[in-house]
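*Asks:* Numbering (the UniProt record's numbering), first residue to last: 1 to 332.
Every residue gets a Cβ at the ideal spot worked out from N, C-alpha and C, and that includes glycine.
Right, I'll just put the structure down here and ask away after.
Following this line, the structure appears as structure tokens:
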């Protein structure tokens, strides 16, 4: 059981009835709170929860339409995303209760201050290196306009500027990260056919691929619903047509790909996770056609070449700079 869920269950009498658990972990909390429902924006957690508690958790960037008398937000990493989520929940709870739970090292005490616009927050519990806060919604806000919270920036390219639309919580929110910038300089001579932007974030790479290879089918894939929404906004802002999928890692990707391109994630929340990136390296071959190519950028300290060579083939370093390297390998 996730320690944040354990803290909730220490106060289980507060969490009966029509309760919404927002950003909940994929543990047994829904089993312990049989009347509660979930809202997830992580496709992996959503799939695991759906497998165990069918129909009790919704995936997306807005709260479910069903009524709820109280809500619990599991603190996300991004302060801006926290602000949107708290406002979206508080707007649905005039006179109701909103709870915030999170790890101390994730900044739960600082985040609890974001409850103040809605009422007087109070700390209910502190245990398992976590804290639980509560506020009664005395001042319900208007429903937030998520797209109005987007940051848009222009990326100068040889074939004209690209508009990038980034929603709160998305990787490198409102800016181009250095790894992606390096990869964008090395997109030449890709095989013709279906191209995949894995871990698409705000859709920068996928949009550039579609513009540079207009005759190729392009798919963008991310585990995060806010990244999926951002990518769709970026494509629309540039008049580009590509498929955007929400899915749990490379297993959700189509097959028969000509190339997989990625700035793969290795951070999630306050913890460091390499699983999605390592799964990509281990499973890329099963999604590539013969002669298909994996091309990715990664921090120089990550020991990816041995994994690439073990599961795909000889690994070439195309470029390096600013602490990043671009690797390329082809399926025989």
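(1) Please state if the CB of residue 194 and the CB of residue 258 are separated by a distance shorter than 8 angstroms.
(2) Quick one: complete beta strand (DSSP E) runs, 3+ long, within the segment 91 to 128?
(3) I need the straight-line Cα distance from residue 239 to residue 233, nearest angstrom please.
(4) How many Å lie between residue 70 and residue 147 at the Cα?
(5) Need the endpoints of the alpha helix (DSSP H) that residue 175 sits in, please.
(6) Helix, strand or coil for residue 82, going by three-state DSSP, please let me know.
(7) Using CA atoms only, rank isn't needed, just tell me which of 177, 122 and 8 is closest to residue 322.
(8) Counting C-beta neighbours from all protein chains within 10 Å, is the total for residue 189 16 or more, i.e. buried, or is it exposed?
(9) Out of 253, 254, 229 and 302, state which residue places its alpha-carbon closest to the alpha-carbon of residue 265.
(10) What did DSSP end up calling residue 71 once you bin it into helix, strand or coil?
(11) Looking at the structure shown, is residue 4 part of a helix, part of a strand, or coil, going by DSSP?
(12) Does residue 73 have its Cβ less than 8 angstroms from a Cβ in chain B?
(13) How many Å lie between residue 85 and residue 116 at the Cα?
(14) The beta strand (DSSP E) that contains residue 40, what's its start and end?
(15) For the beta strand (DSSP E) that contains residue 260, what are its first and last residues?
(16) Assign residue 105 to buried or exposed, taking buried as 16 or more other Cβ atoms, counted over all protein chains shown, within 10 Å of its Cβ.
(17) Run the CB neighbour count on residue 329, radius 10 Å, all protein chains shown included, and call it buried at 16 or more, exposed below.
(18) Leaving out five residues on either side along the sequence, give the residues of the same chain with a beta carbon under 7 angstroms from the beta carbon of residue 268.
(19) Secondary structure at residue 321, three-state DSSP: helix, strand or coil?
(20) List the whole-angstrom C-beta distance separating residue 12 from residue 247, where the pair is believed to meet the contact cut-off of C-beta under 8 angstroms.
(21) Using only CA atoms, which one of 219, 152, 293 and 318 lies nearest to residue 331?
(22) Since residue 327 sits in a beta bridge, which residues does DSSP pair it with?
(23) Pull up the distance between the alpha-carbon of residue 187 and that of residue 316, whole angstroms please.
(24) Classify residue 224 as buried or exposed, calling it buried when 16 or more other Cβ atoms lie within 10 Å of its own Cβ.
(25) For residue 144, which residues in the same chain have their Cβ closer than 8 angstroms to its Cβ, ignoring the five residues on either side in sequence?
(26) How many Å lie between residue 245 and residue 222 at the Cα?
(27) Going straight from the alpha carbon of residue 168 to that of residue 202, what length do you get?
(28) Quick check on DSSP: helix, strand or coil for residue 291?
(29) Counting pairs of Cβ atoms below 8 angstroms between the segment 96 to 105 and the segment 114 to 132, do you hit three or more?
(30) Assuming residue 151 contacts residue 134 (C-beta within less than 8 angstroms), just tell me the rounded distance between them.
*Replies:* Reading from the atomic positions:
(1) Numbered from 1 along the chain shown, position 258 holds the residue referred to as residue 258. Numbered from 1 along the chain shown, position 194 holds the residue referred to as residue 194. Yes. Within cutoff.
(2) 97 to 103 and 122 to 127
(3) Walking along the chain shown from the start, residue 239 turns up at place 239. Walking along the chain shown from the start, residue 233 turns up at place 233. Going by the C-alpha atoms only, they are around 10 angstroms apart.
(4) On the chain shown, position 70 is the one that residue 70 refers to. On the chain shown, position 147 is the one that residue 147 refers to. Cα to Cα, residue 70 sits roughly 25 angstroms from residue 147.
(5) Indexing the chain shown from 1 puts residue 175 at position 175. Segment: none, residue 175 is in no alpha helix (DSSP H) and carries neither H nor E.
(6) Counting from 1 along the chain shown, the entry for residue 82 is found at position 82. In the structure shown, residue 82 sits in a helix (DSSP, three-state: H, G or I).
(7) Counting from 1 along the chain shown, the entry for residue 322 is found at position 322. Residue 322 has its Cα closest to that of 177, out of 177, 122 and 8.
(8) For the purposes of this step, residue 189 is identified with residue 189 of the chain shown, where counting begins at 1. By the 10 Å Cβ count, residue 189 comes out exposed.
(9) Locating residue 265 in the chain shown gives position 265, counting from the first residue. Out of 253, 254, 229 and 302, 302 has the C-alpha closest to the C-alpha of residue 265.
(10) Walking along the chain shown from the start, residue 71 turns up at place 71. Looking at residue 71 - three-state DSSP - the assignment turns out to be strand.
(11) If you number the chain shown from 1, residue 4 lands on position 4. It is helical.
(12) Looking for chain B here will not work: only one protein chain is present.
(13) For the purposes of this step, residue 85 is taken as residue 85 along the chain shown, with counting starting at 1. For the purposes of this step, residue 116 is taken as residue 116 along the chain shown, with counting starting at 1. Rounded to the nearest angstrom, the two C-alpha atoms are 14 angstroms apart.
(14) Start at 1 with the first residue of the chain shown, and residue 40 comes out as number 40. 37 to 40 is the span of the beta strand (DSSP E), which, as asked, contains residue 40.
(15) Here residue 260 is taken as the residue at index 260 of the chain shown, counted from 1. Where residue 260 is concerned, the enclosing beta strand (DSSP E) stretches over 257 to 262.
(16) In the chain shown, counting from the first residue as 1, residue 105 sits at position 105. Exposed.
(17) Against the chain shown, residue 329 aligns to sequence position 329. Answer is buried; the Cβ neighbour count reaches 16.
(18) Along the chain shown, one-based indexing puts residue 268 at 268. With a pLDDT of only 44 at residue 268, under 50, the local geometry of the prediction cannot be trusted, and the value read off the model is given with reservation. There are no such residues.
(19) Translated into the one-based positions of the chain shown, residue 321 becomes position 321. The answer is strand: DSSP assigns residue 321 an E or B state.
(20) For this step, residue 12 is matched to residue 12 along the chain shown. For this step, residue 247 is matched to residue 247 along the chain shown. That pair is no contact at about 33 angstroms.
(21) Position 331 of the chain shown, counting from 1, holds the residue named residue 331. With distances taken between Cα atoms, residue 331 lies closest to 293.
(22) The residue you call residue 327 lines up with position 327 of the chain shown. In DSSP, residue 327 forms a bridge with 296 and 317.
(23) For the purposes of this step, residue 187 is taken as the residue at position 187 of the chain shown. For the purposes of this step, residue 316 is taken as the residue at position 316 of the chain shown. Cα to Cα, the separation comes out at about 14 angstroms.
(24) Locating residue 224 in the chain shown gives position 224, where the first residue counts as 1. Its Cβ being crowded by 16 or more others within 10 Å, residue 224 is buried.
(25) Working through the chain shown from its first residue, we reach residue 144 at position 144. If we look at residue 144 and ignore the five residues flanking it on each side, its Cβ neighbours are 84, 87, 88 and 91.
(26) The residue given as residue 245 occupies position 245 in the chain shown. The residue given as residue 222 occupies position 222 in the chain shown. Each residue's Cα considered, the two are about 7 angstroms apart.
(27) The residue given as residue 168 occupies position 168 in the chain shown. The residue given as residue 202 occupies position 202 in the chain shown. Each residue's alpha carbon lies about 10 angstroms from the other.
(28) Walking along the chain shown from the start, residue 291 turns up at place 291. Of the three classes helix, strand and coil, the one that applies to residue 291 here is strand, per DSSP.
(29) yes
(30) Against the chain shown, residue 151 aligns to sequence position 151. Against the chain shown, residue 134 aligns to sequence position 134. In fact, because the Cβ distance is near 31 angstroms, the residues do not count as touching under 8 angstroms.
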